[in-house]
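Peer 1: Next up is a structure, given as structure tokens.
Protein chains: 2
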Amino acid sequence: MKYSKATNYALHTMLFLAKEATNKPVGVQQLAEMQDVSPTYLSKILTKLVKEGMINSVSGANGGYTLSRNWEDISFLDIIHAIEGKSSLFDCCLYNDPKCVIKEVMLSAEETLENELRNRKISDLVKK
Amino acid sequence: MKYSKATNYALHTMLFLAKEATNKPVGVQQLAEMQDVSPTYLSKILTKLVKEGMINSVSGANGGYTLSRNWEDISFLDIIHAIEGKSSLFDCCLYNDPKCVIKEVMLSAEETLENELRNRKISDLVKK
DNA sequence: CAATTAGAGACTTTACATATCTATAATAGC
DNA sequence: GCTATTATAGATATGTAAAGTCTCTAATTG
Ligand code: SF4
Ligand code: SF4
Numbered sequence: 013m014k015y016s017k018a019t020n021y022a023l024h025t026m027l028f029l030a031k032e033a034t035n036k037p038v039g040v041q042q043l044a045e046m047q048d049v050s051p052t053y054l055s056k057i058l059t060k061l062v063k064e065g066m067i068n069s070v071s072g073a074n075g076g077y078t079l080s081r082n083w084e085d086i087s088f089l090d091i092i093h094a095i096e097g098k099s100s101l102f103d104c105c106l107y108n109d110p111k112c113v114i115k116e117v118m119l120s121a122e123e124t125l126e127n128e129l130r131n132r133k134i135s136d137l138v139k140k
Numbered sequence: 013m014k015y016s017k018a019t020n021y022a023l024h025t026m027l028f029l030a031k032e033a034t035n036k037p038v039g040v041q042q043l044a045e046m047q048d049v050s051p052t053y054l055s056k057i058l059t060k061l062v063k064e065g066m067i068n069s070v071s072g073a074n075g076g077y078t079l080s081r082n083w084e085d086i087s088f089l090d091i092i093h094a095i096e097g098k099s100s101l102f103d104c105c106l107y108n109d110p111k112c113v114i115k116e117v118m119l120s121a122e123e124t125l126e127n128e129l130r131n132r133k134i135s136d137l138v139k140k
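For the record, the sequence lines run as chains P and U. Residue 13 is where the first sequence starts when you use my numbering, and the numbers rise one by one after that. Residue 13 is where the second sequence starts when you use my numbering, and the numbers rise one by one after that.
Encoded structure:
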């Protein structure tokens, strides 16, 4: 059980875009080089962020990616969910025993984790 | 990013053993049948718990597994660590930037999760 | 000794993350 | 309109780890 590299790439990209105060699009070429990953693969990851409305993409020459308007609200959890999906960390083997104690513990722990990640915004890291 | 099925099997086995107040060994055959998993595979998982001192094994006829003496102290985190390993959920791609903000957020969130899981003991689920 | 049980190791299968390749679509600048 | 540049999409390949099987060995019971 680990966060995927794709999540790592997405977080680093978001942080970089946030640090760039400018609105000029940043090409995937540059973003990929910084992180030592292939541009086509990173592009595929960033497309997920585009579809979730976290960043915008601009085709054509001098194109690239920019943060969306509401970027200051984007949390770590948002980014993780965009890449890893939103399904629970804990897969129950049987069907929905509602008073199952194991499930209760695991889901409540996961919720604690999500709350923490929901409160941490990319924008908080930039302001200082 | 998900908890493995092996973790699920380990948790269910521990809970079952805890509910069995008796000290009689329970064979892997029976444990596996309940969880619809092959005995040899489950055996491999339970051996990890034996090595961490959470359960004891008894070979030979009428053998099986019993909880260890200190079983009331065993937390969810202990079991998860025994199966999934203890390495961090977040793999940092570069080497140890100590003031890295991303790493700081991810590790602190993970610590919150671990604290919650450390406070939940198998024995708490049985007492009621 | 015979039956039963856990443990160990090699191996296979499956699933998924990671990545590559190629073709298409959109845009800028000339 | 033409060309270069850039993102997007889909098919495909590779790598890795989880999940599971098979077989042999060791310990214990009776
Ligand atoms: S006991 Fe709980 S965790 Fe296990 S299968 Fe049933 S509902 Fe799921
Ligand atoms: S920026 Fe932080 S998370 Fe990223 S590689 Fe460096 S230390 Fe690791």
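Ideal Cβ positions, reconstructed from N, Cα and C, are used throughout, including at glycine.
Rounded to whole angstroms, what is the Cα-Cα separation between U:LYS60 and U:LYS133?
Peer 2: 18 Å
Peer 1: With respect to 7 Å, is the separation between the Cβ of P:LYS115 and the closest non-hydrogen atom of ligand 1 below this value?
Peer 2: yes
Peer 1: Are P:MET13 and U:TYR15 close, meaning C-beta to C-beta below 8 Å?
Peer 2: It is a contact, given that the beta carbons lie within the stated cut-off.
Peer 1: With hydrogens ignored, establish whether the beta-carbon of U:CYS112 is closer than 7 Å to any heavy atom of ligand 1.
Peer 2: no
Peer 1: If we define contact as Cβ-Cβ less than 8 Å, is U:TYR77 a contact residue for chain P?
Peer 2: no
Peer 1: Roughly how many angstroms separate the alpha carbons of U:LEU79 and U:ASN68, rounded to a whole number?
Peer 2: One C-alpha to the other measures close to 6 Å.
Peer 1: Just to confirm my understanding: we take P:GLY65, look at its own chain, exclude 5 residues before and 5 after, and list those with CB closer than 7 Å. What are they?
Peer 2: SER80
Peer 1: Within 8 Å (strictly less), CB to CB, does P:LEU125 reach chain U?
Peer 2: yes
Peer 1: Let me make sure I understand the geometry here. Which of U:PHE28, U:THR34, U:VAL70 and U:ASN35 has the alpha-carbon closest to that of U:ALA45?
Peer 2: Before going further, note that residue 45 of chain U is Glu rather than Ala in the sequence given. For U:GLU45, the nearest C-alpha among the options comes from U:PHE28.
Peer 1: Output yes if chain P places a C-beta closer than 8 Å to the C-beta of U:LYS14; else output no.
Peer 2: yes
Peer 1: Can you tell me whether P:CYS104 sits near ligand 2, meaning its C-beta is under 7 Å from at least one heavy atom of the ligand?
Peer 2: no
Peer 1: Quick one: residues in its chain with C-beta nearer than 6 Å to the C-beta of U:GLY39, no 5 flanking neighbours on either side, listed in chain order?
Peer 2: GLY76
Peer 1: Return the chain-ordered list of same chain residues with a C-beta closer than 8 Å to the C-beta of U:ASN131, the five sequence neighbours on each side being excluded.
Peer 2: Here the set comprises SER87.
Peer 1: Could you tell me which uninterrupted alpha helix (DSSP H) segments, each at least 4 residues in length, are contained entirely in the stretch 16-45 of chain P, listed from first to last along the chain?
Peer 2: For the stretch 16-45 of chain P, whole alpha helix (DSSP H) runs of length 4 or above, ordered along the chain, are 17-31.
Peer 1: Give me, in chain order, the residues of the same chain whose beta-carbon lies closer than 8 Å to that of U:LEU119; leave out the 5 immediate sequence neighbours on both sides.
Peer 2: Only residues of its own chain outside the window of five on either side were considered, and among them SER100 and PHE102 have a CB closer than 8 Å to the CB of U:LEU119, listed in chain order.
Peer 1: Measure from the C-beta of P:HIS24 to each C-beta in chain U and report whether the shortest distance is under 8 Å.
Peer 2: yes
Peer 1: Around the Cβ of U:THR25, are there at least 16 other Cβ atoms within 10 angstroms (buried) or fewer (exposed)?
Peer 2: buried
Peer 1: With respect to the alpha helix (DSSP H) encompassing U:LEU54, which residues constitute its N-terminal and C-terminal limits?
Peer 2: 51-63
Peer 1: Looking at C-alpha atoms only, which residue of U:LYS31, U:ALA22 and U:VAL117 is the closest neighbour of U:SER135?
Peer 2: U:LYS31
Peer 1: Going by CA-CA distance only, name the one from P:LEU125, P:GLU122 and P:VAL113 that's closest to U:VAL138.
Peer 2: P:VAL113
Peer 1: According to the Cβ coordinates, are U:GLU116 and U:LEU89 closer than 8 Å?
Peer 2: no
Peer 1: Would you check whether ligand 1 has a heavy atom nearer than 7 Å to the C-beta of U:HIS24?
Peer 2: yes
Peer 1: Note down, in chain order, every chain P residue with its Cβ under 8 Å from the Cβ of U:VAL117.
Peer 2: PHE88, LEU129, ARG132 and LEU137
Peer 1: Please identify the residue among P:LEU23, P:GLN42 and P:ILE92 whose C-alpha is closest to the C-alpha of P:ASN74.
Peer 2: P:GLN42
Peer 1: Closer than 8 Å, CB to CB, is U:ALA73 near chain P or not?
Peer 2: no
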